Each structure stands twice: as structure tokens, then as C-alpha cells.
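The sequence shown lines up with residues 1002 to 1147 when you count with the numbering used here. Beta carbons: idealized from backbone N, C-alpha and C, even for Gly. Predicted model, so just to flag it, every value in this text is computed and none were measured.
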Amino acid sequence: MIVDPYSPIFVISVAAELAEMHPQTLRQYDRLGIVKPRRAPGRSRRYSQHDVEMLREVQRLSQEGVSLEGIRRIMELQNQVEALRSKVLELTDALEAVSAEMASRPPRANSRVFAGGLTGGDIVALARGQRPRPRSQAVVVWRPQR
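This is the structure in C-alpha cells:
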């Protein structure tokens, strides 16, 4: 059975034990916005496995001498990076789907391109790959009023 690492399943005492911290420390981190657990219907905190990993990272950074405000900013930036990576994957998948769809379609041999005529500002219809012909041979689609 696979458990979602973002599923809020741990009460504060269990999360504190897993992170090797005091529950009051977790409450302080929540107040400061460093690690924000989800809330159960009774407003009690529920921590996920991801939250516990973040708490361990906070502890590591704190032991290295980083201030709580610095840790809060680092965590904020890490969350932004994670969100951006997720968006890049989403957009890459969408691009690949569109590219595959376009590749599976036959080329449209009769599709038209519109171009400016060689004289007088005329708009002419062309097949792909064609160049505008001299005015006497061009099929004019639109001619400006003079």
C-alpha cells in the first residue's frame, strides 16, 4: 500500500517524535509560518510525512546557524521551486501531447497563406511555399479603396 506523502495523518505529538522535536517547537514553527500543517475539523494540527521531512530540514538549518527568518525564507523559496518544477512538467506534457497530435495529422496541402501583393497594397491568397505573382497573374482577395 502506497501512502501519499502529503496526506495529513500525524497528530502533533507523533510528528514531534518523528522529527525529534518538542511539540511546542512545532507550534512555534506553525505560528511563524515555517511549517504549516493542515487542520483537522476540530482545528487540531495534522502533519504529513512531507511536513515531518520539512521539520527535519528546519532542524538541520537551525543547527547550522541559520536564523528562523532565514529558514522561513529558504522554505518559502523551496516551495516556489517545487511549484515551478510541477508547472514545467505539466507544460512539458501538454506540449508533447500537442506535438504528437500535430505530427499525426496529414499536412494541409490546400491551406492558404495571405500575403501583401507586389503593388498597390493588395492582399493575395497563396498556397504554402508560393511567392506572390506579378499583379496581372495574382488572384486578389482584397484591394484597398482608393
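For a test of your reading of the model: does the CB of residue 1125 fall under 7 Å from any non-hydrogen atom of the ligand MN? Yes or no. Judged by which ligands are present, the structure shown has none, so any question about the ligand MN falls away.
So residue 1015 is in the beta strand (DSSP E); what residue range does that whole segment cover? As a first step, residue 1015 must be located in the sequence shown, where it is residue number 14. Unbroken run through residue 1015 is the alpha helix (DSSP H), 1013–1020; no beta strand (DSSP E).
Quick one, are the C-beta atoms of residue 1059 and residue 1035 less than 8 Å apart? By one-based count along the sequence shown, residue 1059 stands at place 58. By one-based count along the sequence shown, residue 1035 stands at place 34. Yes. Within cutoff.
Taking residue 1125 as part of the beta strand (DSSP E), name the residues at either end of that continuous run. Against the sequence shown, residue 1125 aligns to sequence position 124. Element bounds for residue 1125: 1124–1128.
State whether the segment 1065–1079 contacts the segment 1037–1045, with contact taken as three or more CB pairs (one from each stretch) at a distance under 8 Å. no
Would you call residue 1030 buried or exposed, if buried means 16 or more other Cβ atoms sit within 10 Å of its Cβ? Within the sequence shown, numbered from 1, the residue matching residue 1030 stands at position 29. Residue 1030 is buried by the Cβ-count criterion.
What separation, rounded to the nearest whole angstrom, lies between the Cα atoms of residue 1019 and residue 1052? Position 18 of the sequence shown, counting from 1, holds the residue named residue 1019. Position 51 of the sequence shown, counting from 1, holds the residue named residue 1052. Approximately 10 Å, taken between the alpha carbons.
What separation, rounded to the nearest whole angstrom, lies between the Cα atoms of residue 1087 and residue 1006? In the sequence shown, the residue the question calls residue 1087 occupies position 86. In the sequence shown, the residue the question calls residue 1006 occupies position 5. Spanning the two alpha carbons is a distance of roughly 16 Å.
Residue 1016 to residue 1073, Cα distance in whole Å? On the sequence shown, residue 1016 is found 15 positions in, with the first residue counted as 1. On the sequence shown, residue 1073 is found 72 positions in, with the first residue counted as 1. So the alpha carbons of these two residues sit roughly 19 Å apart.
Is residue 1045 closer than 8 Å to residue 1010 when the C-beta atoms are compared? Counted from its first residue, the sequence shown places residue 1010 at position 9. Counted from its first residue, the sequence shown places residue 1045 at position 44. No, these two residues do not count as a Cβ contact at 8 Å.
State the DSSP-derived secondary structure class of residue 1048, mapped to helix, strand or coil. In the sequence shown, the residue the question calls residue 1048 occupies position 47. Of the three classes helix, strand and coil, the one that applies to residue 1048 here is strand, per DSSP.
Helix, strand or coil at residue 1116 [DSSP, three-state]: Counting from one through the sequence shown, the residue named residue 1116 turns up at place 115. DSSP places residue 1116 in strand when its eight states are reduced to three.
Name the two residues that bound the continuous alpha helix (DSSP H) containing residue 1088. The residue you call residue 1088 lines up with position 87 of the sequence shown. Per DSSP, residue 1088 is one residue of the alpha helix (DSSP H) stretching across 1069–1105.
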